[in-house]
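Undergrad: Those protein sequences? They're chains S and Y, same order as listed. Under the working numbering, think of the first position of the first sequence as 24, with each following residue one higher. Under the working numbering, think of the first position of the second sequence as 24, with each following residue one higher. Ideal Cβ placement from N, Cα and C applies to all residues, glycine included. Quick one: the structure is below, and I'll ask about it shortly.
Number of protein chains: 2
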Amino acid sequence: MSVERSAGPARLIDVAERAGVSMKTVSNVINEYAHVSARTRERVVAAIEEVGYRPNLSARNLARGRAGVIALVVPQLSLPYFASLAGILVRAAEARGWFVLIHQTDGDPDAERAALAGNFPQRVDGMIVSSQMLDPSDVAGMNRSTPLVILSNREFDPGTPHVSIDNRAAGAVAVRHLATGGARRIALIGASDLDSPAPRTKGYLDGLENAGLPLFPELVRPVTRGTGDEGERATEELLSEAAEPPDGIVAITDWVAMGVMRALHRHGLVVPEDVSVIGFDDIPYARSLTPSLTTLAPDRHGIATMALDLLQRQMDQGVAVGQGSLQAGFTLIVRETTR
Amino acid sequence: MSVERSAGPARLIDVAERAGVSMKTVSNVINEYAHVSARTRERVVAAIEEVGYRPNLSARNLARGRAGVIALVVPQLSLPYFASLAGILVRAAEARGWFVLIHQTDGDPDAERAALAGNFPQRVDGMIVSSQMLDPSDVAGMNRSTPLVILSNREFDPGTPHVSIDNRAAGAVAVRHLATGGARRIALIGASDLDSPAPRTKGYLDGLENAGLPLFPELVRPVTRGTGDEGERATEELLSEAAEPPDGIVAITDWVAMGVMRALHRHGLVVPEDVSVIGFDDIPYARSLTPSLTTLAPDRHGIATMALDLLQRQMDQGVAVGQGSLQAGFTLIVRETTR
DNA sequence: CTGAAAGCGCTTACAG
DNA sequence: CTGAAAGCGCTTACAG
């Protein structure tokens, strides 16, 4: 019996000695390389088990010349849409041997741009930037060296590695659902500028056209950050300014929809009898609201997987080559806020 | 001018050559050790700037014999209470040079126990386990070697490193607030077993006694995971079984409170006119509900800071010595669901 | 105050 | 299929 090291966790060499093979062979087994006989493999696996070996990732990453870390940039983890996306991404990344360094910008455009430029406290192998405020122009001029994927509901150049759902189609589906329920004056709380509409706003316009419904500009209201307070304020303004209240409202996020419902309630309008409301995101609490919220649920798993795929592609093929956009699916979830 | 390395980020030795000093001196400057003259320090700082040096954390951690990573174990990141806690913890840990590896258990007790035992895909310097289901007995018998801090609303042995708010006091404050508003039949949705009550349940009992109110056992209902669905179902049962409905309800979490409000609404009971409702957590959406939710807000920053302090203490003084519990503060936030 | 050198635990050409 | 050895980029006694 060989002398045991008195302290510290088992190392690769401890496994090798125990199994009576070289470190290279143990490494081959761990990393699932070919050319290890079944018998040897078994011995090594048994030795790993016996000494309780787990690889030291610092050493591995140092030897491999990678950080083993990717950055996920989000406005705030306290926003449940981003939190649940982060949760899924953390799991998916873990399966591919990456740690996720979560970086929060508080939605500050400068902080988002700084993150885009890769100003992290440490090196990262790639970054996934989930942005609300980011402009295509912020990305266009960048001199990038680190693999990057953008998650955003805005439109980007075809060359930009970008993952989203088909927001234009989703916007149209939202309007169609409201129209099918009988709505004729459909508002949009959370519109972008109508002159250069963002995808969801385009979809809203498509939906009105498809349903043969008129566009009432007074029913189209912007919000900037997608919070409940903003939704409440915007709806309040709409209700006090519009000649007639809407009978259907598309809210740009579920959180905005919550604010919309507060304002409607204050004006004595009942959901869904007087006004139908539909949101985007399917936050975990949507089903627990009174009434529970109809919403468009993005395929978060799809988004996470595609983002990691695009990152991997840039690592394999080089940042300049491995680009392109991917679209994940979405689902209409009908609950109690729509007729 | 010396020959530049063609590829790759700058290393410590590049800085040293540029500044004309040894690696040790650069290291001293970076790690803020003493005994570097002001002139030398300036030269080194300038060189760091010029070559754009950032330390390779894999190498640093390998040399220091630490992982540079602490694990945060939560049920799910999609639950906003945990998400916002994680967000704060990530920031606080970053400031102390730690990465946070987020591990999700889905509230599965087996997964929580496995995490407690330190079964991570990689080594960690410490772990913070935020658990709902964990029992003091799960911890008592553990043979621990990794620093550990538990975040839980249950009671643990004094020796267990544990951070929470004073849940008993908070429970009593919730009841007092309802009683002050005129409630006389106060229910608790989310009670633990009355025979061995958890702190919040104890506080509820304290509160009734302090206010001179009777305990109606039929108004005390358990929930296990603290979701909206559970709160709705428990309230539904209460309303169909109790002789008379309650006029005040303490919900064990804000999410449970949302389910409570759904059930009340279905039974034609108006909040707060007929029934006042108070939750715990102050999730980001509490203020956007209709009506907005009165709640007890834990000091999340305090919890995060204290957890890291307890971890650090165990690292410095040894796992067995550096223990003890800490309590963070809480705040009553009065909104529209209480009179 | 500073320098030369060993060592952290892996991976990976290179030989065999 | 396996082994001996260099190297990844840091830190840290040890000498000076």
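#1: Could you list which residues in chain S have their beta carbon closer than 8 angstroms to that of F122 of chain Y, in chain order?
#2: Between G302 of chain S and A257 of chain S, which are expected to be in contact by the criterion C-beta below 8 angstroms, what is the C-beta distance as a whole number of angstroms?
#3: Name the one or two DSSP bridge partners that I209 of chain S has.
#4: What does P32 of chain S touch in chain Y if you count any residue whose Cβ is under 9 angstroms from its own?
#5: Could you work out which residue in S:S45, S:Y76, S:A115, S:A106 is closest to Q335 of chain S when comparing CA atoms only?
#6: Could you please give me the residues that DSSP links to P10 of chain Y through a beta bridge?
#7: Can you name, in chain order, every residue of its own chain whose Cβ lies under 7 angstroms from the Cβ of R41 of chain S, other than the five neighbours on each side?
#8: Which parts of the stretch 98 to 137 of chain Y are runs of the alpha helix (DSSP H), unbroken and 4 residues or longer, counting only runs that do not cross its ends?
#9: In three-state DSSP terms, what is S311 of chain Y?
#10: If the cut-off is 8 angstroms on Cβ atoms, which residues from the stretch 107 to 141 of chain S count as contacting chain Y, listed in chain order?
#11: Let me check one thing: in DSSP terms, what residues is I301 of chain S bridge-paired to?
#12: Taking C-beta pairs closer than 7 angstroms, name the residues in chain S that M284 of chain Y reaches, listed in chain order.
#13: For the candidate residues Y:R167, Y:S81, Y:A197, Y:D37, whose alpha-carbon lies nearest to that of L231 of chain Y?
#14: Compare the beta carbon distance of F122 of chain Y and V152 of chain Y with 9 angstroms and say whether it is the shorter of the two.
#15: Strictly under 9 angstroms for the Cβ-Cβ distance: is R256 of chain S near chain Y by that measure?
#16: Using 10 angstroms around the beta-carbon of G171 of chain S, count the other beta-carbons present and answer buried if the total reaches 16, otherwise exposed.
#17: How is Q145 of chain Y classed by DSSP in three states: helix, strand or coil?
#18: Compare the C-beta of I272 of chain Y with all C-beta atoms of chain S and state if any pair is closer than 9 angstroms.
#19: To the nearest angstrom, report how far apart L80 of chain Y and E55 of chain S are at their CA atoms.
#20: By Cβ distance below 6 angstroms, which residues in the same chain neighbour A265 of chain Y in space, the five residues on each side in sequence not counted?
#21: Could you give the distance in angstroms between the alpha-carbon of T48 of chain S and the alpha-carbon of R167 of chain Y?
#22: At the level of alpha carbons, what is the spacing between R207 of chain S and N233 of chain S?
#23: Tell me whether T354 of chain S is buried or exposed, calling it buried when 16 or more other Cβ atoms sit within 10 Å of its Cβ.
#24: Give me the Cα-Cα distance between V68 of chain Y and G88 of chain S, rounded to the nearest whole angstrom.
#25: What is the DSSP secondary structure of G31 of chain S, reduced to helix, strand or coil?
#26: Please determine if the stretch 292 to 302 of chain S and the stretch 120 to 140 of chain S are in contact, where contact requires at least 3 C-beta pairs separated by less than 8 angstroms.
#27: Measuring only between beta-carbons, confirm whether H308 of chain Y sits less than 9 angstroms from chain S.
#28: Can you find a CB in chain S that lies within less than 9 angstroms of the CB of G325 of chain Y?
#29: Where P103 of chain Y and E65 of chain S are concerned, what is the direct C-alpha to C-alpha distance, given to the nearest angstrom?
#30: Between which two residues does the beta strand (DSSP E) holding I173 of chain Y run?
#31: In whole angstroms, give me the CA-to-CA distance for V162 of chain S and L139 of chain S.
#32: Under a Cβ-count criterion, where at least 16 other Cβ atoms within 10 Å of its own Cβ denotes burial, should G341 of chain S be classed as buried or exposed?
#33: Please return the same chain residues whose Cβ sits closer than 6 angstroms to the Cβ of L261 of chain Y, not counting the five positions on each side in sequence.
#34: Using 9 angstroms as the limit for Cβ to Cβ distance, is S29 of chain S near chain Y?
#35: Count the other CB atoms, across all protein chains shown, that sit within 10 Å of the CB of I212 of chain S; report buried if there are 16 or more and exposed otherwise.
#36: Under three-state DSSP, which class holds S50 of chain S?
TA: Taking the coordinates as given:
#1: V92, F122, L124
#2: That belief does not hold up - the Cβ atoms of G302 of chain S and A257 of chain S are roughly 14 angstroms apart, past 8 angstroms.
#3: S:G271
#4: R146
#5: S:A115
#6: The structure shown does not extend to residue 10 of chain Y, since chain Y spans only 24 to 362, so no value can be given for it.
#7: A70, E73, V74
#8: 103 to 118
#9: helix
#10: S107, A109, G110, V113, R114, E117, F122, V123, L124, I125, Q127
#11: S:V273, S:T317
#12: T313
#13: Y:A197
#14: no
#15: no
#16: Inspection of the sequence shows that residue 171 of chain S is occupied by Leu rather than by Gly. Buried is the call here.
#17: coil
#18: no
#19: 26 angstroms
#20: E241
#21: 32 angstroms
#22: 13 angstroms
#23: exposed
#24: 25 angstroms
#25: coil
#26: no
#27: According to the sequence provided, residue 308 of chain Y is Tyr. The question's His does not apply to it. At least one chain S Cβ lies under 9 angstroms of Y308 of chain Y.
#28: no
#29: 45 angstroms
#30: 171 to 174
#31: 8 angstroms
#32: exposed
#33: R244
#34: Any answer about S29 of chain S is weak, because its pLDDT of 45 lies below 50 and its placement is not dependable; what the coordinates show is given next. Judged by the 9 angstroms Cβ criterion, S29 of chain S is not in contact with chain Y.
#35: buried
#36: helix
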